[in-house]
């Protein structure tokens, strides 16, 4: 599969086209909209989320609730576009244009954003041309794409959920997840203001977010994605670019403001001995091959082991602050205090939703690379056959 997204933060719409989905896959706008709403939620979000209410329109590739096998096109309209039609319009400017019609030009790059380097790369003196596309607003349609991927995974017996494990050093007690399915975890997480499964830690996170907002600062954190039901042997050890963990890591780091990724025990492995890291292999007639532990996060040699895949990403604090940092105006070369373009004090909860969906896409794509995918029933049959094969191997 593959997809492209198009659109600017204050443009008329965000668009994506997905190619390679099997036919006969049930898809509805209602399910996608549920995930889009979650992306806009979470404690710490700013005023932009009150302006936009993201809903998707399926404009191609689906008929009567099922995919056709042709490309699927999704559109999310920007409600705020009416206030930006002159500023962000696609038509060339008239010779007698009033300068007020092209207001909000930006020559002052914000530290931590793509503004300055993006302007250098594409030759933009008005840095709005950079920030409009580099904005995390683009993750709206990536969540929509991931929601479609989740629909496919659900039909294959694969479930996925994300939750917040840490904000500004406040760590959730993840032992509360033991023995719970992804759906049970989801019910807890979706009812929590920080999308955290530990209510004690969540209450402290809320306080920390509120304190950061009052101080004009921002805070980051860590999110975790769990994938259950993954067949063993998806991915490959043969070539570097076919390793599933490498693809998942790239997907996680492609999210705005994400700067680190780990699997299973992650960086903790550097502080442990091998006997405390690797997962012993066991077998039973009922379950086939499993592991006594899951310290490696469901991945060995670039392939899925059949155990739950556990991947975490670290998000830096949002770089736009009400307590702005110093920068330089590219026109005057004079120093200034960076401007404020958005007001989220913490977007970690919302980012967990984005993480869930980009990982869902990579998992679904890896499945379709390995198995026949023209029709959903054929794909389901092949997955079932593969599971039986690996169980009795």
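In the working numbering, the protein residues as written are 203 to 595.
Ideal Cβ placement from N, Cα and C applies to all residues, glycine included.
Everything numeric in this text was worked out from a predicted model, so none of it was measured.
Through-space distance from residue j to residue i, alpha-carbon basis
i           : j           : result
residue 392 : residue 554 : 11 angstroms
residue 510 : residue 429 : 5 angstroms
residue 280 : residue 209 : 10 angstroms
residue 335 : residue 472 : 38 angstroms
residue 567 : residue 204 : 8 angstroms
residue 559 : residue 514 : 13 angstroms
residue 226 : residue 485 : 36 angstroms
residue 575 : residue 445 : 20 angstroms
residue 493 : residue 482 : 5 angstroms
residue 458 : residue 537 : 26 angstroms
residue 269 : residue 355 : 14 angstroms
residue 287 : residue 341 : 22 angstroms
residue 619 : residue 229 : Limits of the chain in this structure are 203 at one end and 595 at the other, which puts residue 619 out of reach.
residue 352 : residue 224 : 13 angstroms
residue 350 : residue 234 : 7 angstroms
residue 557 : residue 242 : 14 angstroms
residue 319 : residue 530 : 13 angstroms
residue 476 : residue 504 : 18 angstroms
residue 394 : residue 365 : 10 angstroms
residue 561 : residue 343 : 14 angstroms
residue 595 : residue 565 : 23 angstroms
residue 379 : residue 385 : 11 angstroms
residue 489 : residue 425 : 30 angstroms
residue 419 : residue 266 : 48 angstroms
residue 401 : residue 478 : 30 angstroms
residue 255 : residue 546 : 16 angstroms
residue 246 : residue 389 : 21 angstroms
residue 316 : residue 333 : 7 angstroms
residue 588 : residue 326 : 52 angstroms
residue 520 : residue 337 : 11 angstroms
residue 423 : residue 214 : 32 angstroms
residue 293 : residue 207 : 21 angstroms
residue 456 : residue 534 : 33 angstroms
residue 495 : residue 586 : 25 angstroms
residue 371 : residue 271 : 46 angstroms
Minimum Cβ-Cβ distance from residue i to chain D less than 9 angstroms
i           : result
residue 342 : Given the protein chain composition of this structure (a single chain), no chain D is represented.
Simplified DSSP state of residue i, which is helix, strand or coil
i           : result
residue 501 : strand
residue 491 : strand
residue 286 : coil
residue 376 : helix
residue 572 : helix
residue 345 : helix
residue 241 : helix
residue 506 : strand
residue 273 : coil
residue 535 : coil
residue 296 : coil
residue 332 : helix
residue 370 : coil
residue 553 : helix
residue 326 : coil
residue 316 : coil
residue 559 : helix
residue 203 : coil
residue 210 : coil
residue 291 : coil
residue 631 : Since the first residue shown for the chain is 203 and the last is 595, residue 631 is missing from the structure and cannot be characterised.
residue 266 : coil
residue 279 : strand
residue 514 : strand
Environment of residue i [buried if 16+ CB atoms lie within 10 Å]
i           : result
residue 306 : exposed
residue 443 : exposed
residue 367 : buried
residue 236 : exposed
residue 295 : exposed
residue 591 : exposed
residue 324 : exposed
residue 517 : buried
residue 212 : buried
residue 403 : buried
residue 581 : buried
residue 240 : buried
residue 469 : exposed
Distance cut-off 8 angstroms: residue i Cβ against heavy atoms of the ligand ZN
i           : result
residue 416 : Ligands are entirely absent from the displayed structure, and the ligand ZN is therefore not among its contents.
Indicate whether the contact test is met: 3 or more Cβ pairs, each with one atom in the region 430 to 448 and one in the region 351 to 362, closer than 8 angstroms. Segments in contact, yes.
List in chain order: all unbroken alpha helix (DSSP H) runs of 4+ residues lying wholly within the region 391 to 420. Runs found: 401 to 416.
Are there three or more Cβ pairs, one per stretch, closer than 8 angstroms when the region 211 to 227 is compared with the region 266 to 275? Taking 8 angstroms as the limit for Cβ pairs, the verdict is that the region 266 to 275 does touch the region 211 to 227.
Can at least three beta-carbon pairs, one atom from the region 459 to 468 and one from the region 494 to 508, be found at a separation below 8 angstroms? Judged by Cβ distances under 8 angstroms, the region 459 to 468 makes contact with the region 494 to 508, as three or more pairs qualify.
Starting from the N-terminal side, write out each stretch of the beta strand (DSSP E) that is 3 residues or longer and does not extend beyond the region 212 to 239. Counting only unbroken stretches of 3 or more residues, the beta strand (DSSP E) elements lying wholly within the region 212 to 239 are 215 to 221, in sequence order.
The region 447 to 461 touching the region 393 to 410, judged by at least three CB pairs closer than 8 angstroms: Segments in contact, no.
Please list the segments of the alpha helix (DSSP H) lying wholly inside the region 420 to 450, counting only runs of 4 or more residues, in order along the chain. Counting only runs of 4 or more, we get nothing.
Run through the region 457 to 487 for me and flag every whole beta strand (DSSP E) of 3 or more residues, listed as ranges in chain order. Listed in chain order, the complete beta strand (DSSP E) runs (minimum 3 residues) inside the region 457 to 487 are 460 to 465, 483 to 486.
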